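Each protein sequence line maps, in turn, to chains R and U. Just so we're aligned: the first sequence equals residues 12 to 187 in this note's numbering. Just so we're aligned: the second sequence equals residues 471 to 863 in this note's numbering. No residue lacks a Cβ here, since even glycine has one placed at the ideal position from N, Cα and C. From a predicted model like this one, the values you see are computed outputs, not experimental measurements. The structure appears below as structure tokens.
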Amino acid sequence: MSELHSELLVHADDIWRIAIRLVSDEDDARECYQQTFADALRLSATAIDNWGCVLRQIATRRAIDILRRRYRDRAVADVTVAEAIVEDAPDATLRYAELRESVRVILARLPPRQAEAFYLRHVEQLDPAEIAASMQIQVNHVRVLVHRALAEIRSSLPECFQPAEINSKSAGDSDE
Amino acid sequence: MSETQDCGGNDRLLELIRESFDEQLIPDRPTDFVRDYMEGDRQSRFRFVTLQRHTFLVTSLSGSVPVIAICILFAVLIYPSADGPKRQSDTLGRKESFETVSDLATADGNDSDATVVDDESAHNESSGDTVHVQVEVETLPPTVVVQTPTDVDQPPAQNAAVVGKPDSELLKLIKLLNRLTVTPQAKVAHDDRLLIELAEQFSRYFDSDLDAHLAGVQSMNKPVGLTYLRDGVPSERSWILGKDDNAFSCSYQIQIDLLLSDLIRLVNATIGEDIFEPMLDGIRDDPDGPRVDLRGELFSEFEDHAYVVVGRGGEDSDDRMMIAIPVRNKTKVAGVVSRLFKVDPDATLDNRGGAIVAFTHSQGRQRAACIVGQCLVVGDRQMVLDALERYSQ
């Protein structure tokens, strides 16, 4: 196996995690995972400084493509379809699942680059500079994309996840 | 100041989103398919790409050959000044990037990204499912197959003179496109054997086996709305080709609505930007532009055929191309072409025997566009003028 392939495989776990996190469904995640590496193999190895960032970006883009196909006719999140939820799961688990699914639906509706930038920044927690390098845009542009995405997510999330509601709940929790 | 601080009250929301994804259970990842793929035999490679529930989509990379091929077909038409999409995007009157986050305030009313959401929906409708006959969601009707791949392999006598000379890059792309548009059997059958045969056909156009294999799979995602009919042009339109034995020509059936919807995907993928629809909107809305609605005024006038001629030069780079598309209302289309070129500083309009010919040049290429007979003819300047002359005679 060549050096390139070994280098790619170092990031396999990260790519699988991104795929699963975003698309949730294992079949879709496998498709996303394989496409990511197939895409990467077609890139010029000499032009890539940081394979980790590039692979993450490709995987995110591929996963969001899958989400867009999945949700194009569905505006409302259906968490029971997207994730196998244990019926007697704790409230917090259900709440997290609902939030994840809501975010997926919104990401699918966002312009792809906004969705990519937001996910990489706030879920994968990449630096804006790393995102900028892999998306081949300026750092300020990344911030703009993230900012727009966040504004859209904030306004589109169900009421129970609105910042005011979250803050009041947090305050309530701390009072208790 | 960090973004998180900028977002102020959103801190908790972002934290919650992050936590929710962190909490998600991650199943074991598949085995190292990359290793299997790269070291496996040919059959196993195809198994890798046909494993998925959905058909493998490779087209998003700008290096994909058919994407470029189809873009060549229409880029000449859509970007008559030949500087390509980047130049047109400059006329959109929108900001491509921002110096600071505070620039957002001034850009709210001009968010080009926001217009892309619906386009992408159209893109998904057009691109994904046409190739996935086994997918449960709705499908677009498959493109009609007029000729089998076996027939295509027989070079017609008309183009026999080209055979002895190595194909140029342009000609390779056109021929590759033709092959792609007659391979719907592969997508229906998901048959490894067919895919292998397909890859073997592609292998003559690629330096590496891997590229040929990927192209073979990619052909399952052939362009929608474009069907290769035959080499050559019909006898009643022989003026398109003339008697140039050194030229390659072919005919296509086009379903312009489908093709346009797919071009959104193809052009965007080639350029790496969501640019196609905003560009058309810019051409329509830019006060300094031609103010032409290409969708409504030009594309809607196209008949369902297109003819492509590739003229062979001495060197690869000398190859030239011309496209002829029959139109329903030639007066209307002539007016559209004039308006398109009037605002182009590099273009001139000339009356040649009653036909208004638009000339333009950029990057060393001389191009022209005009109505000849009932066709809109666009392409290399000399080829267009020759066609006009042949038609006049």
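{"query": "Cβ of U:L484 less than 8 angstroms from any chain R Cβ?", "result": "yes"}
{"query": "Closer than 8 angstroms is the cut-off here; do at least three beta carbon pairs connect the segment 835 to 849 of chain U with the segment 790 to 809 of chain U?", "result": "yes"}
{"query": "Check whether the Cβ of R:L78 lies closer than 8 angstroms to any Cβ atom in chain U.", "result": "no"}
{"query": "Using the beta-carbon of each residue, which ones in chain U are nearer than 8 angstroms to R:W27?", "result": "I496, R499 and P500"}
{"query": "So which residues of chain U does R:D24 contact, with C-beta pairs closer than 8 angstroms?", "result": "R499"}
{"query": "Given a cut-off of 8 angstroms on the beta-carbon distance, is the pair U:Y777 and U:S705 in contact?", "result": "no"}
{"query": "With burial defined as no fewer than 16 other Cβ atoms inside 10 Å of the residue's Cβ, what is the status of U:A630: buried or exposed?", "result": "Summary for U:A630: the model assigns pLDDT 35, below 50, so the residue's position carries little reliability; its value from the coordinates is reported in the next sentence. Exposed, since its Cβ has fewer than 16 Cβ neighbours within 10 Å."}
{"query": "Pick from R:F48, R:Y82, R:L15 and R:D38: whose alpha carbon is nearest that of R:D24?", "result": "R:F48"}
{"query": "Tell me, to the nearest whole angstrom, how far the beta carbon of R:I77 is from that of R:E42; I am working on the premise that it is less than 8 angstroms.", "result": "7 angstroms"}
{"query": "If we cut at 8 angstroms on Cβ distances, does U:I826 have a partner in chain R?", "result": "no"}
{"query": "Select from the segment 101 to 114 of chain R all residues with a C-beta closer than 9 angstroms to any C-beta belonging to chain U, and list them in chain order.", "result": "A103, T104, R106, Y107, A108, E109, L110, R111 and V114"}
{"query": "What's the call for U:D781, buried or exposed, on a 16-neighbour Cβ count within 10 Å?", "result": "Residue identity differs from the one stated: residue 781 of chain U is Gly in this sequence, not Asp. Buried is the call here."}
{"query": "DSSP state of R:R83, grouped into three classes?", "result": "coil"}
{"query": "Following the continuous alpha helix (DSSP H) through R:N151, name the residue where it begins and the one where it ends.", "result": "V150 to S167"}
{"query": "How is the alpha helix (DSSP H) around U:Y861 delimited, first residue to last?", "result": "R851 to S862"}
{"query": "Based on DSSP bridge pairs, tell me the residues matched to U:Q723.", "result": "U:T697 and U:H775"}
{"query": "Can you have a look at U:P760 and say buried or exposed, based on whether 16 or more other CB atoms are within 10 angstroms of its CB?", "result": "buried"}
{"query": "Just how far apart, CA to CA, sit R:Q125 and R:T71?", "result": "11 angstroms"}
{"query": "At a CB distance below 7 angstroms, what residues from the segment 132 to 158 of chain R approach chain U? Give them in sequence order.", "result": "H133, V134, I148, Q149, N151, H152, R154, V155, V157 and H158"}
{"query": "Sort R:R81, R:L15, R:L168 and R:A143 by Cα distance to R:D39 and report the nearest one.", "result": "R:R81"}
{"query": "Quick one: which residues of the segment 58 to 69 of chain R get their C-beta closer than 8 angstroms to a C-beta of chain U? List them in chain order.", "result": "none"}
{"query": "Return the bridge partner residues of R:L20 from the DSSP annotation.", "result": "Paired residues: none, contrary to the question."}
{"query": "So, with DSSP's three-state summary, where would you put U:L495?", "result": "coil"}
{"query": "Please check if any C-beta of chain R sits within less than 8 angstroms of the C-beta of U:S490.", "result": "yes"}
{"query": "Any idea if R:E141 is buried or exposed, counting beta-carbon neighbours within 10 angstroms, 16 or more meaning buried?", "result": "buried"}
{"query": "Got a sec, what are the start and stop residues for the beta strand (DSSP E) R:L118 sits in?", "result": "Taken as a continuous stretch (DSSP letters only), R:L118 belongs to no beta strand (DSSP E), being part of the alpha helix (DSSP H) at D102 to R120."}
{"query": "Using the Cα positions of R:V134 and R:L15, report the straight-line distance between them to the nearest angstrom.", "result": "27 angstroms"}
{"query": "Taking the alpha carbon of U:D727 as the reference point, which residue from U:E773, U:W709, U:E670 and U:D756 has its own alpha carbon closest?", "result": "U:E773"}
{"query": "What does a CB cutoff of less than 8 angstroms around U:V827 pick up in its chain, not counting 5 residues either side in sequence?", "result": "L819, D820, N821, A838, A839, C840, V854, L855 and L858"}
{"query": "For U:E747, decide whether its Cβ has a neighbour in chain R, counting only Cβ atoms nearer than 8 angstroms.", "result": "no"}
{"query": "Going by CA-CA distance only, name the one from U:V807, U:N716, U:D714 and U:L699 that's closest to U:Q723.", "result": "U:L699"}
{"query": "Give the interface partners of U:E493 over in chain R, defined as CB-CB distance under 9 angstroms, in chain order.", "result": "A103, T104, Y107, A108 and R111"}
{"query": "With a Cβ-Cβ cutoff of 8 angstroms, do U:L696 and U:V703 count as a contact?", "result": "no"}
{"query": "So, is R:C171 buried or exposed, given that buried needs 16 or more other C-beta atoms within 10 angstroms?", "result": "exposed"}
{"query": "Considering just the uninterrupted stretch of the alpha helix (DSSP H) at U:L819, what are its terminal residues?", "result": "Counting along the chain, U:L819 falls outside any alpha helix (DSSP H), though it belongs to the beta strand (DSSP E) covering A817 to R822."}
{"query": "Does any CB atom of chain A fall closer than 8 angstroms to the CB of U:I726?", "result": "In the structure shown, chain A does not exist; the protein chains are R and U."}
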